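Worksheet for the structure shown next.
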Amino acid sequence: MKRFLTLVLISTLLFNSQALAATKKPTVKPLKLITSVSNVDEYAGLVTSGTTIVVYGNKGDKSFAKGVDITGKELWNLALDSASPSVATAATVDSAGTIWIAGSTSLQRATPTPSPIATPLNPDNITAIPDIFTTDLDAFTLWSLNPTTQALTQYSLQLTSPILINAISASKSGLTAVGSSGAVINSDLSGKISKPVFVGSGATNLEAVVKASDGSMTVVGSSSETLSGKKLAGKVDGVIIKLSKIGKVISVVRSSAPKALRNWNSASTSLLLGGEVITSNKIESAVTKFSNSYMPTWTYRFLSTGKTFTSGSTYAFLQSKGALTQLANWSPKSPTPLLLTFDAKGAITGGYSAPVEQKEVLGLYFSKDLGILCISASADTVSIFTLN
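According to the numbering used here, the stretch in the sequence shown is residues 15 to 402, in order.
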């Protein structure tokens, strides 16, 4: 009998300790600063090549790319287009290690000379050839950059009107860039750019693209118009759209919150999406894991300042401004960058914060050599953090 009671007591203690372990909340830890890489006003984004961090951005009406090491030391700096105004807004790396930067330029081209009211004297019978180029950023442009040799090649396609490129993705089948007005622009890896296709009639903004092995793609963003028969539910809906490899709409999934402003502004290859939800005076970050059929498997809402970035099926980065009940010690007095980690079932397994002087989250990037990179900005400087 005594032995039986001892076994019962041990079993009870084991059960209770396991239950306590299961309910123990993670403690938020500090992120580790790697380096500061840019002025806030000039920064557009970054990618990596080995341990080199390639930052791209814009100074005035000129775009640039530069390589820095993990100490922030500049290794090289290139003007992307020295001949005309340009803007760089998105980048990706293909399987060969080539960096592709996407944006817009102004192509130099002749413009018609207005007919004069009176014919001027022209004794030498000289025909004037106008040397004028537009300052409108109305050409889609790709820059191909070899990060080792810094060899740079530019490819452009004239558009009928300017488009802001928000994201670009690479696969074996080529490149796809997405942006404002529902624009989807494909290119092969030799730089041959196809004519853009458009999702919707202008009131759709695409923020991220994930390419599948068969060439089809998932694009996410926001829309305030009917798409493929799916009508607007809120003021602006977050949308998830499956496209064929030529850009034909296959399916549309849109948010259903009435009177809300919704947007998906990031999507990982495993379809972990991050976005923002604005209702009345409340701003929240939405983090949702979707299946391949676009069914939500788990989801969260967190008080924040808006944008949320995701990576893999594990990470989400946001500017948190409220307590999280899933974390043991998180109740920021002012909006603070917070990296969250999740397990396969969506449970929060960790939290990591940047210093409070970091006023805005700018991106989340995974590097095979450097690990997870959290990009944020103070009032003046863009900094990169990672896990300790």
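The C-beta atom is built at its ideal place from N, Cα and C for all residues, glycine as well. Bear in mind that the values here come from a model prediction, so they are computed numbers and not experimental data.
Reference residue 289; option with closest CA among 242, 260 and 235: 235
From 231, 399 and 154, residue whose alpha carbon lies closest to that of residue 184: The shortest C-alpha separation from residue 184 is found at 231.
Cα-Cα separation, residue 386 to residue 294: 34 Å
CA nearest to the CA of residue 9, picked from 292, 221, 161 and 213: Nothing about residue 9 can be reported from this structure: the residues present for the chain run from 15 to 402 only.
Spatial neighbours of residue 346 in its chain, beta-carbon cut-off 7 Å, leaving aside the 5 residues before and after: 334 and 335
Residues that DSSP places opposite residue 367 in a beta bridge: 44 and 352
Reference residue 296, options 315, 391 and 93, closest by Cα: Residue nearest to residue 296 within the set 315, 391 and 93 is 315 (criterion: CA-CA distance).
Three-state secondary structure (DSSP) of residue 117: strand
DSSP-derived helix/strand/coil call for residue 187: coil
N-terminal and C-terminal residue of the beta strand (DSSP E) that residue 314 is part of: 310-325
Residue 307 in three-state terms, based on DSSP: Three-state result, residue 307: coil.
Residue 266 versus residue 111: straight-line alpha-carbon distance, rounded: 33 Å
Buried versus exposed call for residue 264 [16 or more other C-beta atoms within 10 Å across all chains shown]: exposed
Helix, strand or coil at residue 399 [DSSP, three-state]: strand
Residue 196, DSSP secondary structure in three states: helix
Short Cβ contact (8 Å threshold) for residue 104 with residue 179: yes
Proximity of residue 433 and residue 61 at Cβ, strictly below 8 Å: Look at the range of the chain in this structure, 15 to 402, and you will see that residue 433 is not part of it.
Identity of the residue in 247, 159 and 228 nearest residue 258 by Cα: 228
Three-state class that DSSP yields for residue 8 in the structure shown: Shown here, the chain extends from 15 to 402; a query on residue 8 therefore has no answer.
Residue 240: first and last residue of the uninterrupted beta strand (DSSP E) it sits in: Neither: residue 240 is in no beta strand (DSSP E) and is coded neither H nor E.
Straight-line Cα distance separating residue 363 from residue 268: 29 Å
As assigned by DSSP and simplified to three states, the class of residue 102: strand
Coarse secondary structure for residue 392, derived from DSSP in three states: coil
Of the residues 214, 256 and 261, the one placed nearest residue 201, counting alpha carbons only: 261
Sheet register partners of residue 88 (DSSP bridge): Beta-bridge annotation (DSSP): residue 88 is paired with 82.
Assigned exposure category for residue 342 - 16 Cβ within 10 Å defines buried: exposed
Inter-residue CB distance, residue 317 and residue 375 (contact presumed, cutoff 8 Å): Wrong, their Cβ atoms sit about 14 Å apart, outside the cutoff.
Spatially closest choice to residue 272 from 157, 249, 102 and 381, by CA coordinates: 249
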